[in-house]
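Chemist: Numbering (this note's numbering), first residue to last: 352 to 632.
In this text, a Cβ means the ideal position worked out from N, Cα and C, and glycines have one as well.
Predicted model only: the values in this text are computed from it and were never measured.
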Amino acid sequence: MRWAAQLANVDFTSQKPHCAAQVYQYTSTTSSKFNHEVVRLTFLAAVASLVAIHAEVTYINHDRVQPFPQPKPTTDSEKAAVKYKPRLHVSYGCQPYPAVQADGAVSAGLRGTGPANGECTGSTLGSQVYARSDWYKDKWAIMYAWYLPKGQYDRYRRRHFWEVAVVWLDNPSPENSTMLGVSLNSVWRLKTYTPVEAKYLDGARVKLESYGGWTYPRPKLQLTEQAGGTQALITWEQLTDEARDALRNANFDARPIKIGTWQMPLKDEAFYDRLEDAWPF
Numbered sequence: 352m353r354w355a356a357q358l359a360n361v362d363f364t365s366q367k368p369h370c371a372a373q374v375y376q377y378t379s380t381t382s383s384k385f386n387h388e389v390v391r392l393t394f395l396a397a398v399a400s401l402v403a404i405h406a407e408v409t410y411i412n413h414d415r416v417q418p419f420p421q422p423k424p425t426t427d428s429e430k431a432a433v434k435y436k437p438r439l440h441v442s443y444g445c446q447p448y449p450a451v452q453a454d455g456a457v458s459a460g461l462r463g464t465g466p467a468n469g470e471c472t473g474s475t476l477g478s479q480v481y482a483r484s485d486w487y488k489d490k491w492a493i494m495y496a497w498y499l500p501k502g503q504y505d506r507y508r509r510r511h512f513w514e515v516a517v518v519w520l521d522n523p524s525p526e527n528s529t530m531l532g533v534s535l536n537s538v539w540r541l542k543t544y545t546p547v548e549a550k551y552l553d554g555a556r557v558k559l560e561s562y563g564g565w566t567y568p569r570p571k572l573q574l575t576e577q578a579g580g581t582q583a584l585i586t587w588e589q590l591t592d593e594a595r596d597a598l599r600n601a602n603f604d605a606r607p608i609k610i611g612t613w614q615m616p617l618k619d620e621a622f623y624d625r626l627e628d629a630w631p632f
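Now the structure itself:
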């Protein structure tokens, strides 16, 4: 290397002190290059590790994912999740699709191009809504999540999108519980309604609309008086181990470095953070 050859020709015993600065310059430059190389290799190793993790997930076409049939509820938690399952009317963007099937194969989603509902007007195999419940502080929370193959607005277009609604109850009993409020994904945070007016209810079910808004159209939820459809419900605990593991590991964000993430909201790393964000009381 050139710097080594130059250093080899330096007579350190006869040089004046300013030559020490010259030697330092060579050393400093080499050290800087070395540090940059270490950073680059570390970053590449991290990306390779991320790719290896996600390589374990099998992705299939969004319209080939087989939804889970809604099982008969047996526990109070499952019965309450079915009782309060929202009705969803879609006026903008994709219809909800299943995100994963029993063997763990995950939806590959759609590129965020073309019309907002392009190629996602509904799966011929059926739709799906996911749910997970738990106590949060002193309220019973049921989080419902709908998967959309793409979500887009203006110039920000993305593959995969999750919509979330949290129904808050005073307790999980399907016979004696009372709905206290709901929290809905709206722009970056969840919008809350406590209590829910009767005109937005169909029995025990809140009526929701997936709409685009005006300034920056993108899928988000709001209350509506229009009764939409329902989807086959599967709870986090009712999923097969293969499906649950796939949802934990699937790369729904599709970016190695995340500024904001759209990860599966029911998995452990996201669930309680989303409940904290949704807390309306």
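Going by Cα to Cα distance, which pick from P437, A453 and H440 is closest to P420?
Modeler: Answer by Cα proximity: A453.
Chemist: Report the partner residues of S484 according to the DSSP bridge assignment.
Modeler: Note: S484 sits in a beta bridge opposite I493.
Chemist: Nearest-angstrom Cα distance between R595 and T426?
Modeler: Going by the C-alpha atoms only, they are around 19 Å apart.
Chemist: At which residues does the alpha helix (DSSP H) containing L626 begin and terminate?
Modeler: Segment D619 to A629, the alpha helix (DSSP H) holding L626.
Chemist: Got a sec, what are the start and stop residues for the alpha helix (DSSP H) E593 sits in?
Modeler: Segment D592 to N600, the alpha helix (DSSP H) holding E593.
Chemist: For my contact list, Y498 and P437 are in at a C-beta cut-off of 8 Å; report their separation, rounded to the angstrom.
Modeler: With 8 Å as the limit, Y498 and P437 do not qualify as a contact, their Cβ atoms being about 15 Å apart.
Chemist: Are the beta-carbon atoms of A560 and Q573 separated by less than 8 Å?
Modeler: Residue 560 is actually Glu in this sequence, not Ala. Against a cut-off of 8 Å, the Cβ pair of Q573 and E560 comes out as a contact.
Chemist: Considering only residues of the same chain and omitting the five flanking positions on each side of K558, which have a CB-CB separation below 6 Å?
Modeler: Taken in chain order, the residues that qualify are R438, Y551, T575 and A578.
Chemist: Does the region 443-451 come close enough to the region 463-476 to have 3 or more Cβ pairs within less than 8 Å?
Modeler: Enough Cβ pairs lie closer than 8 Å, so yes.
Chemist: Going by C-alpha to C-alpha distance, which of G563, S428 and D592 sits closest to A492?
Modeler: Comparing Cα-Cα distances from A492 to each of G563, S428 and D592, the minimum goes to S428.
Chemist: Look up M530 in the DSSP assignment and give the residues it is bridged to.
Modeler: M530 is bridged to L520.
Chemist: Would you mind stating whether Y435 and A555 have Cβ atoms separated by less than 8 Å?
Modeler: Yes, these two residues count as a Cβ contact at 8 Å.
Chemist: My assumption, with CB atoms under 8 Å, is that H413 sits in contact with A459. Please give the rounded CB distance.
Modeler: Indeed they touch by this definition, with Cβ atoms about 6 Å apart.
Chemist: G580: buried (16+ other C-beta within 10 angstroms of its C-beta) or exposed?
Modeler: The residue is exposed, with fewer than 16 neighbouring Cβ atoms inside 10 Å.
Chemist: Work out the CA separation of T472 and P631 for me, nearest whole Å.
Modeler: Near 33 Å, if we compare the C-alpha coordinates of T472 and P631.
Chemist: What is the rounded straight-line gap between the Cα of A621 and the Cα of Q614?
Modeler: C-alpha separation (whole angstroms): 7 Å.
Chemist: By alpha-carbon positions, which one of H511, Y410, K501 and V518 ends up nearest to W486?
Modeler: Looking at the Cα atoms, V518 is the closest of the given residues.
Chemist: Just to check, is the beta-carbon of Y544 closer than 7 Å to a non-hydrogen atom of the ligand MG?
Modeler: Judged by which ligands are present, the structure shown has none, so any question about the ligand MG falls away.
Chemist: Mapping DSSP to helix, strand and coil, what is A456?
Modeler: Looking at A456 - three-state DSSP - the assignment turns out to be coil, as it is neither helix nor strand.
Chemist: With a threshold of 7 Å on Cβ separation, who are the neighbours of N536 within its own chain once the five nearest residues in sequence on each side are excluded?
Modeler: Taken in chain order, the residues that qualify are E514, V515, K571 and L572.
Chemist: Can you name the start and end residues of the beta strand (DSSP E) that V557 belongs to?
Modeler: V557 -> beta strand (DSSP E) spans R556 to Y562.
Chemist: At what residue ranges does the region 403-448 contain a whole run of the alpha helix (DSSP H), taking only runs of 4 or more?
Modeler: Runs found: 427-434.
Chemist: Within 10 Å of its beta-carbon, does Y562 have 16 or more other beta-carbons around it, so buried, or fewer, so exposed?
Modeler: By the neighbour-count rule (16 or more Cβ atoms within 10 Å), Y562 is buried.
Chemist: On the premise that R569 lies in contact with G502, defined as a C-beta separation below 8 Å, what is that separation, rounded to the nearest angstrom?
Modeler: So it is a contact: roughly 6 Å between Cβ atoms.
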